[in-house]
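Residue numbers (the UniProt record's numbering), protein chains in the order written: chain A, 1 to 461; chain B, 1 to 461; chain C, 1 to 461.
One structure is given below, encoded as C-alpha cells.
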Amino acid sequence: MNTNSSNMMALAPNTSNKRETVCIFGTGDFGRALGHKMIQCGYPVVYGSRSTQISNLIPKDAEVLSHAEAAQKAAIIIVAIQRQHYNFLTPLAEILRGKVVVDISNNLKLNQYPESNAEYLAQLLPGARVVKAFNTVSAWALQSGALDASRQVFVCGDDMEAKQMVMNIVRALGLTPLDQGSLLAAQEIENYPLQLFPMWKFPIFLSLGLSAFFFFYCLALDVIYTYVYEKNNFSFFIAITIPNQICPVMALILLGLVYLPGVLAAIIQLYRGTKYRRFPDWLDKWMLCRKQLGLIALAFASLHAVFTLVSPIRSFVKWRTSKAIISQVLNNKTEPLDTTNAWLSDSYLALGILGFFFFVLVGITSLPSVSNSVNWREFRFVQSKLGYVTLILCTAHTLVYGGKWFLSPSAYKWYLPNIYMLSLVVPCTVLVVKFVLIFPCVDKPLTQIRQGWERNPKYSE
Amino acid sequence: MNTNSSNMMALAPNTSNKRETVCIFGTGDFGRALGHKMIQCGYPVVYGSRSTQISNLIPKDAEVLSHAEAAQKAAIIIVAIQRQHYNFLTPLAEILRGKVVVDISNNLKLNQYPESNAEYLAQLLPGARVVKAFNTVSAWALQSGALDASRQVFVCGDDMEAKQMVMNIVRALGLTPLDQGSLLAAQEIENYPLQLFPMWKFPIFLSLGLSAFFFFYCLALDVIYTYVYEKNNFSFFIAITIPNQICPVMALILLGLVYLPGVLAAIIQLYRGTKYRRFPDWLDKWMLCRKQLGLIALAFASLHAVFTLVSPIRSFVKWRTSKAIISQVLNNKTEPLDTTNAWLSDSYLALGILGFFFFVLVGITSLPSVSNSVNWREFRFVQSKLGYVTLILCTAHTLVYGGKWFLSPSAYKWYLPNIYMLSLVVPCTVLVVKFVLIFPCVDKPLTQIRQGWERNPKYSE
Amino acid sequence: MNTNSSNMMALAPNTSNKRETVCIFGTGDFGRALGHKMIQCGYPVVYGSRSTQISNLIPKDAEVLSHAEAAQKAAIIIVAIQRQHYNFLTPLAEILRGKVVVDISNNLKLNQYPESNAEYLAQLLPGARVVKAFNTVSAWALQSGALDASRQVFVCGDDMEAKQMVMNIVRALGLTPLDQGSLLAAQEIENYPLQLFPMWKFPIFLSLGLSAFFFFYCLALDVIYTYVYEKNNFSFFIAITIPNQICPVMALILLGLVYLPGVLAAIIQLYRGTKYRRFPDWLDKWMLCRKQLGLIALAFASLHAVFTLVSPIRSFVKWRTSKAIISQVLNNKTEPLDTTNAWLSDSYLALGILGFFFFVLVGITSLPSVSNSVNWREFRFVQSKLGYVTLILCTAHTLVYGGKWFLSPSAYKWYLPNIYMLSLVVPCTVLVVKFVLIFPCVDKPLTQIRQGWERNPKYSE
C-alpha cells in the first residue's frame, strides 16, 4: 500500500486527503488563536479543557473534550497552558506516551526557572516526545495574518521525527520553521521573545555615557567659562549649540570604534602568526557589536547634519549675522572676499556632505533585506571599503574644520583641548594603523595567515 | 517497493530520478513563461493547444499536443487560459477526472464574476481536483527571475494532496508557497493582484481631505486677510509658506490619530470590564490602518522639515532679513541679544529635531525586513514607547513654537484660531488620557483585563 | 515496512529517529564550520582527512577517518577541498560510485577554468552523483548564525534525488535552498560569489563619465571664464558650487534615461505591430539596469538637496549676502519686495521639494523587502505613475529655475549653453513622446499589441 505519497500524507496514513488531527490543551487567547489558524489551514482541531462547556470564543468546527479524551484523538498535543499549571499533566503521562507534545509557553523574565519550560515538561512526561515551538509567535499575528510580525518559528526537540511533524504544521500555517537542534536549545528559544535589543545594550550605554561626559565638558567650556570670564549668559547653547558639538564628536568616535577592533585583530594575528587561536573575549564581543556601533554613529551624524542645517534659522545666529553686518556698516568698511576662508569653509562642508553620503549608503546596506540580496564579496566591499572611505572623509572634515585652531592658544580654555580635538584620537589611530597594515611587507604575511598559513604550526591537519 | 524515498519522488513513482510531467493548456505569454521556467527546473512540459503547429516562441524541449492528448500525459494540468474560454474544457471533463487542475487566471476587475474563476472551473470539471495558484506571479518575473518581484505564491484548494503537489512545484521553481486554505479563498486570491494599496485608501483620502480644508483655512487667514486688510499681495505664500503650515499640522494630527484608537480601546475595555468582546467595527478598522496613518504623518513631517530648512534660501525670506537689518541701521540702533527669544527659538528647533529623529526611527522599524528581524517585545517597544516619545516631543515642539501667541489677540484673525492651535487638540487629548491611564489605580485593572480577567465573567472556560 | 513516514526519515530508512551521517572531506575552515553546524542540527558527521590525528579545532562529536573509510560511512560526501587537489579523489572513484558528492568550492577569479569545478569533479568521478551547493555561504555566517548574511543556498545537479537530499540538509541548517537546475548551472553559481555588483557597473561608469564631462564643462564656464574675463579667483567653486550644478543635472538626465527605454520600446512595438519580437540587445540591457540608473539618480538628487540646503552656511554666500545688504545701505535705498521673483523662487523650491519627495518614495519601494510586500499592480503604479510624476516635477523645477535665462545672452558664455539647459534635453524628449503616446489614437493600438494582438500575424497559436 503506497498511499503516503506526499510528505503531509505520511502523518495521516489512513485517509489520503486530510491533515492529521491536532489537540490543543487550554482555551486561552493563544490556544484559541492557534486553533483558529489551524482549522483555517485544514487541520481538525480538538481542545482539551477542564470544562467541556463550549464557549462562543472557541473557534467553530473545533471539538472540546476533557484532556484525556482530547489527547487520545490526536498524535500531536499542543500545550497552551502556563508552566505553573503543568503538574496537572502528570496523570496524563500514560496517554501522552509516544505522542508529540508541543510546548509553546513563555516566561515573564529571562531565565526565570533553572530549566526551560520544555525540559520541565519532558521531565514530567518521560514517554512523550517534547518539541518546543510557536513561543515567538503572537496570538495577534496569528489572527490578523499580518505580514509584519516575524514569521520565523524556532523549533527544537530531541526527537527528529516529532520535530519534523511540528515543522510541517508550521509550514502549513504559512510560517517559516527554523530548526534549532535538541531540547537543550529550549532555554535560548524561551529567552528570545523576552529580549529587548540585547546586542544594542552595550553600544547604547557606551554612547549615553560618552555623550554625558562630553555634555558636561562642553557645558564647562562653552557656557560656564563664558559666563565666568565674559559675563555672557549663553545658557541657551544647551538646546542646539552643545548637542551639535556632541553629535559629530560621538559620530566620529563611534565610527572609529567600529574599525578599531578590525585593526587590533590584524595586529594580534600578525603577532601570533596564526589565525587559529581565539581572540580575547572582549575583542570578540566588540567585533559582534560593530554594526550597532556603526548605526548609532550614523544616528549621531544625522542629528549633526540637521542641527547644522537648521542653524541659519536660529534666532541667535540671525542676531549674530545682523550684528556683524551692522558693525561693518557703522565702521563704513566692506570686507573683501577671503578666498582662503571660502576654500576652507566650502571644503569642510563638501567633505562632510560626502562623508555623510557614504555613511548613509553603508547604513542602507545594513538593512536586512538589502544585505540579504548581495553576496558576501559585495557586502564586505560596502562594509569595509566604503566604510573606510566614510571614516577618511569624516576625519578630513573634522581636520579641515578645526585645523586652524590646533595652534591657537584661545582654543584651550582652562588649558583643556576643545572636544573635536579629542574626537580625532580614535579615528586617526585607526587610519594610521590601517595605513601601515596595507603596506605590502605587512599585508602579505597577514593575507597568508588569513588563508590558513601558520608561522609556528602546532596542529597538523 | 520503496523507491519513493524523498518527497519529490513520490509524485513520479516509476522513475526515481525525474520530476513528473506537467501539462499546460494555452500557449499565451504566461503559459510560455511558466513552461520555460519549469523546463529549467527539470520538469518535462507538454502543451495542450488548439493547433499543434509548433511556434518558435514555445520553449524548446516542450511537446505540443492536442488538449486531450496533453492532458493524458500528465497528472497536473495548468490552465493558462482566460475564464471566458473555460467552457471548451467541458468535453475534457472525463480525461481530467482525478487530475490536479491548476487555475492561474486573473480578472480585470475586483469581484468581476459572482464566483471565483477557480470555483467556476471546479463546477465545470466536477471530478477534477482544482487548485488555485500562480495568479500573483507575473510572466516577466518568471522569465527574468527577478528577486524584486514578490516570490510568494498563494495556493488554495479543497484537495490537500493536490495542493501539496502544486506547492512542491512552487518550491522547486524557487518561489514560496503560502497555503490559504480551501477553494473558498480563491476569490480573495484572485482579488489580490487587482488591489491597489487597499489599506492606504482611507488614510490617504482622510489626509487629502484634511489638507484641503487646512489649505483653504490658511489661504483665507494668511493671503486673503492680508490682502483685504493690509493690501499686501502675498499670493506666493501658496508655494511654500502655506504648505509649510499644513504639513506640520497634518503630521501632528495624524500622529495623534495613530495613538487615539489605542486609548479609546483601553477606555472601552475598562468600561466593559473584559477584553472578550469585540470592539466596534470602526475602531477595529481604525486600529488596522494605524501603520499607514503613521507613515503618512512621517511623510508630512519630512516635508515640513525640508520646507523649513529651505526657508533661508527663499527670495522672500532674504528680502525680509535684509529689510530688518537695514531698518536697524537706518534707525542707528543695534538690538541686543534677546536671551529668552534665543532660548525659545533654540528649544523648539531642538524639540522638533529630536521628535523628527524618533519619528524616523519608528518609521525605519516599520520596514518589513526590519520588523521581521525583531521580536514581538522589541517591535512593541519601538512602536509604542518610542512612538509616544515622538508624540510628546512633537507636541512640545508645537507648544513652544506657538505658545506665546495663544494669549495674543492678533493671532485670532477674523476671530479664528491659527491652525497650529487646532492641530494641538488631538495630540493633547491623547497625551492627557494616556497620562491618566498610566496611573497605577487605572493601569492595574486594565493590565488584569488584558491578561484575561473579567469583571463580570459570563463565559466559563 | 513503512517507517519512512516523513520526508527526512526517508533518507535514513533504518533508524526512524536519526538524521543520516554526512561525510566531509577536508578539515579546513569551511569544512570545520559546516561540520559544526551540521552536528548542531543533529547530523552525525565524519571527517575524511589525510592525517586522522584529531586536532582540537575539529568539532567535538565528529569522527576523523581516512578518506576511504569516511566515505564508506555516509551516503553524502561534502568535498571541502580546493579544486587543484581534486585529483586525489580519483582512487576513491569506486567507493564514491552512486554516492552524493557535494562540491562546495569557489574560485578566485571569474571563469578561472574552462569548466566549472563541479563539472570537473563529475568528470573525475563518473559514477558519483555530483551536486553543487553551499559555495555562496561563508564559514563566518555558518558559525555566527548571523541573520544578516544571505541565507540563500544555490543548488544544482543532474540527479534529482541527490539534489533533493542536499536541499533537505540545507533546509535543516536553517538556510533556504534555491534549485538552479542541472549541473550546467554550476558555472554561474561559482561565479556568483565573485561578482561585484555586475548590474551596477554600466550605470556607475556612465555616471562617472558624464559627471567628469560636466565637471570640466562647469570648470571652464564658471571658474576659468570668470578668471580670464573678470579676474575673479573663484577656484573654491570646485568644492560646492560646481558639484551642486553637476548633481541636479546628473539626477535629471539619469532619471530621463530611466524612462527613455520604455518609450523607445513602445515606439518599436508600434512600428513593428507586434510584441512577439525581441527588442534589440542594447535596449534589453538598458531596460534591465533602469533600477540602478534610478537609484544613482536618487543619490545625485540627495546630494543636490544637501548641497543646496548647506548654502546659507557657506562663507562665500554669507559674504555675498552682507555685501548686498551693505551696498543697499550705502546707496540709502531699500528694495521693495519683488513679488514675481518671490513667486519664481518659491515655486521652483516647492517643485524641487515635491519632486524629491516622490523620488524618495519611489526609491523606498525599490528596497527588496518593500517591493516584495506589494503586488504587481502596486509595484507598477509606484514605479511607473509615481516615477513619471517625479520626472514631471523635477523637469518643471529645472525649467522654472532657469527659464528666465534661456533668452538672456549672458547665459551663453563662450557661446556655450549652461549645463542645466543640456540637462533638459533627455527628460523633455521623454515627456513629449510619452505625452504623444497617451493620446487615445496611439494608446489604443499599443494596448492591443501589448495584450497579444498582432498587425501582421505570423505565428498561429
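By construction, the Cβ of each residue, glycine as well, lies at the ideal position given by its N, Cα and C atoms.
> Using a beta-carbon distance below 8 Å, is residue 187 of chain C in contact with chain A?
Replying inline: Answer no: the Cβ-Cβ gap between residue 187 of chain C and chain A never drops below 8 Å.
> What do you get for residue 165 of chain B, buried or exposed, if any count of 16 or more other CB atoms within 10 angstroms of its CB means buried?
Replying inline: Within 10 angstroms of the beta-carbon of residue 165 of chain B lie 16 or more other beta-carbons, which makes it buried.
>> What does DSSP give as the partner residue(s) for residue 176 of chain A in the beta ladder?
In response: BP columns for residue 176 of chain A point to A/152.
>> Taking the alpha helix (DSSP H) that residue 31 of chain A belongs to, which residues open and close that run?
In response: Annotation: the continuous alpha helix (DSSP H) that includes residue 31 of chain A extends over 29-40.
> Which class does residue 132 of chain B belong to by DSSP, given the choice of helix, strand or coil?
Replying inline: The three-state reading of DSSP puts residue 132 of chain B in strand, counting E and B together.
>> Three Cβ pairs or more, each shorter than 8 Å: is that satisfied between the region 416-423 of chain C and the region 244-255 of chain C?
In response: Touching, yes.
> Would the beta-carbon of residue 32 of chain A fall within 8 Å of that of residue 65 of chain A?
Replying inline: Contact: no.
> Is the Cβ of residue 175 of chain A closer than 8 Å to any Cβ of chain C?
Replying inline: No, its Cβ sits nowhere closer than 8 Å to a Cβ of chain C.
> Which residues in the same chain have their Cβ closer than 7 Å to the Cβ of residue 202 of chain B, if we skip the five residues on either side of it in sequence?
Replying inline: These residues qualify, in order along the chain: 289.
>> I'd like to check one pair, residue 359 of chain B with residue 390 of chain B: are the Cβ atoms closer than 8 Å?
In response: By the CB criterion at 8 Å, residue 390 of chain B and residue 359 of chain B fall inside the cutoff.
> What residues in the region 192-213 of chain B bring their beta carbon closer than 7 Å to a beta carbon of chain E?
Replying inline: Judged by its chain identifiers, the structure shown contains no chain E, and its protein chains are A, B and C.
> When the Cα of residue 276 of chain B is compared with those of B/24, B/450, B/381, B/117, which residue comes out closest?
Replying inline: If we check each option's Cα against that of residue 276 of chain B, B/450 comes out closest.
>> I'd like the span of the beta strand (DSSP E) that includes residue 78 of chain C, first residue to last.
In response: Where residue 78 of chain C is concerned, the enclosing beta strand (DSSP E) stretches over 76-79.
> Using DSSP with H/G/I as helix, E/B as strand and the rest coil, what is residue 424 of chain C?
Replying inline: Looking at residue 424 of chain C - three-state DSSP - the assignment turns out to be coil, as it is neither helix nor strand.
>> Under DSSP, the alpha helix (DSSP H) around residue 449 of chain B begins and ends at which residues?
In response: Here the alpha helix (DSSP H) through residue 449 of chain B covers 440-450.
> Mind checking residue 84 of chain C: buried by the 16 CB within 10 Å criterion, or exposed?
Replying inline: The residue is exposed, with fewer than 16 neighbouring Cβ atoms inside 10 Å.
> Does DSSP put residue 407 of chain C in a helix, a strand or coil?
Replying inline: In the three-state DSSP reduction, residue 407 of chain C falls in the coil class, being neither helix nor strand.
> In terms of residues, what are the limits of the beta strand (DSSP E) holding residue 23 of chain A?
Replying inline: That run of the beta strand (DSSP E) goes 22-25.
> Does the beta-carbon distance from residue 43 of chain C to residue 19 of chain C come in below 8 Å?
Replying inline: For residue 43 of chain C and residue 19 of chain C, yes; Cβs fall inside 8 Å.
>> Checking 8 Å against the spacing of the C-beta atoms, do residue 25 of chain C and residue 80 of chain C come in under that value?
In response: Yes, they are a contact pair.
> Hey, out of A/194, A/273, A/168, whose CA is closest to residue 465 of chain A's CA?
Replying inline: Any property of residue 465 of chain A remains undetermined from this structure, which presents chain A solely from 1 to 461.
>> For a contact defined as C-beta to C-beta under 8 Å, what are the partners of residue 378 of chain A on chain C?
In response: What residue 378 of chain A touches in chain C: 195, 196, 197.
> Going along chain A, which residues have a C-beta under 9 Å from residue 312 of chain B?
Replying inline: Chain A residues near residue 312 of chain B: 312, 313.
> If the cut is a Cβ gap below 8 Å, which residues of chain C does residue 323 of chain B touch?
Replying inline: What residue 323 of chain B touches in chain C: 334.
>> Determine, for residue 87 of chain B, whether the minimum Cβ-Cβ distance to residues of chain C falls below 8 Å.
In response: For residue 87 of chain B, not one C-beta of chain C is nearer than 8 Å to its own C-beta.
> Cα separation between residue 357 of chain A and residue 308 of chain A?
Replying inline: Spanning the two alpha carbons is a distance of roughly 15 Å.
> Mapping DSSP to helix, strand and coil, what is residue 98 of chain B?
Replying inline: Of the three classes helix, strand and coil, the one that applies to residue 98 of chain B here is coil, per DSSP.
> Name the DSSP beta bridge partners of residue 194 of chain A, please?
Replying inline: According to DSSP, residue 194 of chain A bridges with nothing at all.
> If we ignore side chains and look at the alpha-carbon of each, how far apart do residue 347 of chain A and residue 232 of chain C end up?
Replying inline: In this structure, the CA atom of residue 347 of chain A is about 19 Å from the CA atom of residue 232 of chain C.
> residue 46 of chain C lies in the beta strand (DSSP E); which residues open and close that run?
Replying inline: For residue 46 of chain C, the enclosing beta strand (DSSP E) starts and ends at 45-48.
>> On the DSSP letters alone, give me the boundaries of the beta strand (DSSP E) that residue 64 of chain A sits inside.
In response: Going by DSSP, residue 64 of chain A is part of the beta strand (DSSP E) stretching over 63-65.
>> Measuring only the C-alpha atoms, how far is residue 374 of chain A from residue 188 of chain C?
In response: Spanning the two alpha carbons is a distance of roughly 15 Å.
>> Please confirm whether residue 226 of chain B has its beta-carbon closer than 8 Å to some beta-carbon of chain A.
In response: Taking Cβ atoms only, chain A never reaches closer than 8 Å to residue 226 of chain B, which makes this a no.
> Should residue 97 of chain A and residue 74 of chain A be called a contact, given that it needs their Cβ atoms to be closer than 8 Å?
Replying inline: No, these two residues do not count as a Cβ contact at 8 Å.
> Expressed to the nearest angstrom, what Euclidean distance is found between the alpha-carbon atoms of residue 447 of chain B and residue 214 of chain A?
Replying inline: If I take the Cα positions, the gap works out to 41 Å.
> Which first and last residues belong to the alpha helix (DSSP H) in which residue 269 of chain B is found?
Replying inline: Run containing residue 269 of chain B: 243-272, per the alpha helix (DSSP H) assignment.
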